[in-house]
Amino acid sequence: MIQVAVMGHGVVGSGVTEILLKHSEEIKKKVKEEIYIKKVLDLRDFPDSPIADRFTKNFDDIINDDEIKIVVEVMGGLNPAYTFVKSCLEHGKSVVTSNKELVAAKGAELLKIAEENNLNFLFEASVGGGIPIIRPLNQCLAANDVYEIDGILNGTTNYILNKMIKESQTFEDALARAQQKGYAERNPAADVEGHDACRKICILASLVFGKHFYPESVHTEGITNVSLTDVEYASAWGGAVKLIGSVKVTNGKQEIIVAPMFVSNECQLSSVDGVFNAILVKGDSTGDVVFYGKGAGKLPTASAVVADVMDCVTHQSERRNIMWEDGNDENILPFEETAYSMYVLANTDDKESAFAAANEAFGSCEKLERENAAADELAFITPVLKYADFEKAAENFEKCGAKVVSNIRIAVI
Ligand code: HSE
Numbered sequence: 019m020i021q022v023a024v025m026g027h028g029v030v031g032s033g034v035t036e037i038l039l040k041h042s043e044e045i046k047k048k049v050k051e052e053i054y055i056k057k058v059l060d061l062r063d064f065p066d067s068p069i070a071d072r073f074t075k076n077f078d079d080i081i082n083d084d085e086i087k088i089v090v091e092v093m094g095g096l097n098p099a100y101t102f103v104k105s106c107l108e109h110g111k112s113v114v115t116s117n118k119e120l121v122a123a124k125g126a127e128l129l130k131i132a133e134e135n136n137l138n139f140l141f142e143a144s145v146g147g148g149i150p151i152i153r154p155l156n157q158c159l160a161a162n163d164v165y166e167i168d169g170i171l172n173g174t175t176n177y178i179l180n181k182m183i184k185e186s187q188t189f190e191d192a193l194a195r196a197q198q199k200g201y202a203e204r205n206p207a208a209d210v211e212g213h214d215a216c217r218k219i220c221i222l223a224s225l226v227f228g229k230h231f232y233p234e235s236v237h238t239e240g241i242t243n244v245s246l247t248d249v250e251y252a253s254a255w256g257g258a259v260k261l262i263g264s265v266k267v268t269n270g271k272q273e274i275i276v277a278p279m280f281v282s283n284e285c286q287l288s289s290v291d292g293v294f295n296a297i298l299v300k301g302d303s304t305g306d307v308v309f310y311g312k313g314a315g316k317l318p319t320a321s322a323v324v325a326d327v328m329d330c331v332t333h334q335s336e337r338r339n340i341m342w343e344d345g346n347d348e349n350i351l352p353f354e355e356t357a358y359s360m361y362v363l364a365n366t367d368d369k370e371s372a373f374a375a376a377n378e379a380f381g382s383c384e385k386l387e388r389e390n391a392a393a394d395e396l397a398f399i400t401p402v403l404k405y406a407d408f409e410k411a412a413e414n415f416e417k418c419g420a421k422v423v424s425n426i427r428i429a430v431i
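The number in our numbering is simply the position in the sequence shown, starting from 1, with 18 added.
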């Protein structure tokens, strides 16, 4: 029998105990050991839980218990999760976490401590919820030179954008519904402002490129400024607005960004609906590989956590080899040098002369039309420009009297 503790009994944590209890026999057959939940850490009381007697409010009950060999951290947030996880690793306990904030901020450090102590630090559920992506990148695709990853990495924003696209729902209504369904983070700003997707692309980039990518170093835009007008123009253009996390090799550096983008209907990511996530990985041997599934929610995420626990059980003496070094920003392409074609929405009293000014400022643009367009709106797609050049061109364009109200990148995937 192997004894485990679960820190956190929220949406994911309660899913973890549920799966461990419900599938205990099948799990035992697969890992050849019984997995026994010895403690559950949470500040709240859960008198109706079938294991109510094993709850504790005191972390010392876990850290000082030498029989507990694996600790699951599903509390979320950086603190106290970081202190607790570090302490567990230093006390000889392997750790499994779904906490992307923790892995994106402290992954290199915690992996090093785990390696030094011959322990596992596994985090499959931190990216893509129930979708296998960490293990495939680390193992199945390991023989590839992975040169690009593009993903829809946040279920809440995809759900919201989808409701806007398909049902013309307001942003606020769609967010409230996502929160009711338990998809959103405790603080929905992390979802809608792109930070959650940023943490996830940082984890994938760190794994693939072997150096830690810190979220602070990544240009991140959320979806709070995406309007129903933008969504309609994306559709008129032949695609959909999606929040994309992307990392790719450009001029020997890594170009990494999180931003809403127009994704062409020809790209598989455009049809990813609702809370689903999809991650497209480009490898030099495999070509494109797409991972698709539920990126949020109690049981999908918990299933990835429990699978990591099972992996810890079967890799007790020889740890899973998952590592990256600490990083600095030297390998990251400066944001101003990233180049995209842009959708621009502008207000103007004179569409004809404003479009002429757009062609002058940005280079040859493609005008977009939509049904029921307002009399003063002009939408167009610019040629590919480095961001620094786009900003200068937008300033020049506005000299004609038009005002840019929205600009969204066109994804090249
Ligand atoms: N808030 C996250 C999402 C949960 O919506 O994708 C899963 O990480």
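A virtual CB, placed ideally from N, CA and C, is assigned to each residue, including glycine.
With T332 as the anchor, note down where its alpha helix (DSSP H) starts and where it stops. Element bounds for T332: K316 to T332.
For the stretch 398-415 against the stretch 367-386, are there 3 or more C-beta pairs whose distance is under 8 Å? With a cut-off of 8 Å, the stretch 367-386 and the stretch 398-415 count as touching, because enough Cβ pairs lie within range.
Can you give me the C-alpha to C-alpha distance between V430 and V281, rounded to a whole angstrom? Take the alpha-carbon of V430 and the one of V281: they are about 8 Å apart.
Determine the direct distance from the alpha carbon of N176 to that of N365, and round the result to whole angstroms. Rounded to the nearest angstrom, the gap between the Cα atoms of N365 and N176 is 27 Å.
Using a Cβ distance threshold of 8 Å, determine whether the stretch 339-355 contacts the stretch 381-392, with at least three qualifying pairs required. Taking a contact to require three or more Cβ pairs closer than 8 Å, the stretch 339-355 and the stretch 381-392 do not qualify as touching.
Using 7 Å as the cut-off, classify the Cβ of G313 as near or not near the heavy atoms of ligand 1, replying yes or no. Yes, the beta carbon of G313 sits closer than 7 Å to at least one heavy atom of ligand 1.
Between the C-alpha atoms of V89 and I151, what's the straight-line distance to the nearest angstrom? Going by the C-alpha atoms only, they are around 22 Å apart.
If you drop the 5 nearest sequence neighbours on each side, which residues of the same chain put their C-beta closer than 7 Å to that of K421? Cβ within range, chain order: A364 and N365.
Taking just the CA atoms, how far does A126 sit from V276? Straight-line Cα distance between these residues: approximately 21 Å.
Would you identify the three-state DSSP class for V265, choosing helix, strand or coil? Correct three-state label for V265: strand.
Please name the residue or residues paired with A23 in a DSSP beta bridge. Note: A23 is bridge-paired with K57 and V89 in the DSSP secondary-structure output.
Close beta carbons around A121, own chain, < 6 Å, minus the five adjacent residues each side: For the record, residue 121 in the displayed sequence is Val; it is not Ala. Closer than 6 Å at Cβ, skipping near neighbours: F141, S144 and I221.
Among G240, D329 and V299, which residue has its Cα nearest to the Cα of N425? Of G240, D329 and V299, the smallest CA-CA separation from N425 is found for G240.
When D248, N172, N135 and S289 are compared against K104, the one with the closest alpha-carbon: When D248, N172, N135 and S289 are compared, the shortest CA-CA separation from K104 is found for N135.
For the beta strand (DSSP E) containing V145, name the first residue and the last one. No beta strand (DSSP E) contains V145, which DSSP labels as neither H nor E.
Closer than 8 Å is the cut-off here; do at least three beta carbon pairs connect the stretch 186-203 with the stretch 107-116? Contact fails: fewer than three Cβ-Cβ distances are below 8 Å.
When the distance is taken between beta carbons, is T238 closer than 8 Å to G212? Yes, they are a contact pair.
Could you tell me if E85 is buried or exposed, where buried requires 16 or more neighbouring beta carbons within 10 angstroms of its beta carbon? Per the 10 Å Cβ criterion, exposed.
Reducing DSSP to helix, strand and coil, say where M360 ends up. Per DSSP, reduced to three states, the secondary structure at M360 is strand.
Y361: CB within 7 Å of a non-hydrogen atom of ligand 1: For ligand 1, no non-hydrogen atom lies closer than 7 Å to the CB of Y361.
For a quick check, are the C-beta atoms of G148 and N117 less than 8 Å apart? By the CB criterion at 8 Å, G148 and N117 fall outside the cutoff.
Among all the DSSP beta bridges, which residues are the ones paired with G169? For G169, which the question treats as bridged, DSSP gives the partners G263 and I297.
Helix or strand or just coil, what does DSSP make of F415? DSSP, reduced to helix, strand and coil, places F415 within a helical segment of the structure shown.
Just the C-alpha distance for T242 and A252, rounded to the nearest angstrom, thanks. Answer to the nearest angstrom: the Cα atoms are 16 Å apart.
Where does S371 fall in DSSP's three states? DSSP places S371 within a helical segment (H, G or I) once states are collapsed to three.
Report yes if the CB atom of V226 is closer than 8 Å to the CB atom of L179, and no otherwise. Not a contact, by the Cβ cut-off of 8 Å.
With the cut-off set at 8 Å, would you say E343 and H230 are in Cβ contact? The answer is yes: Cβ separation under 8 Å.
Is V249 helix, strand or coil when you go by DSSP? Of the three classes helix, strand and coil, the one that applies to V249 here is helix, per DSSP.
From the DSSP secondary-structure annotation, give me the bridge partner or partners of R427. The beta-bridge partner set that DSSP reports for R427 consists of M279 and M360.
Quick test of your reading: L159 and G301, contact by CB under 8 Å. State the CB separation rounded to the nearest angstrom. That pair is a contact at about 6 Å.
Are the beta-carbon atoms belonging to A223 and V265 less than 8 Å from one another? Contact flag set, yes.
Alpha carbon to alpha carbon, how far is I37 from R72? Give it in angstroms, no decimals. Taking the straight line from one Cα to the other gives about 16 Å.
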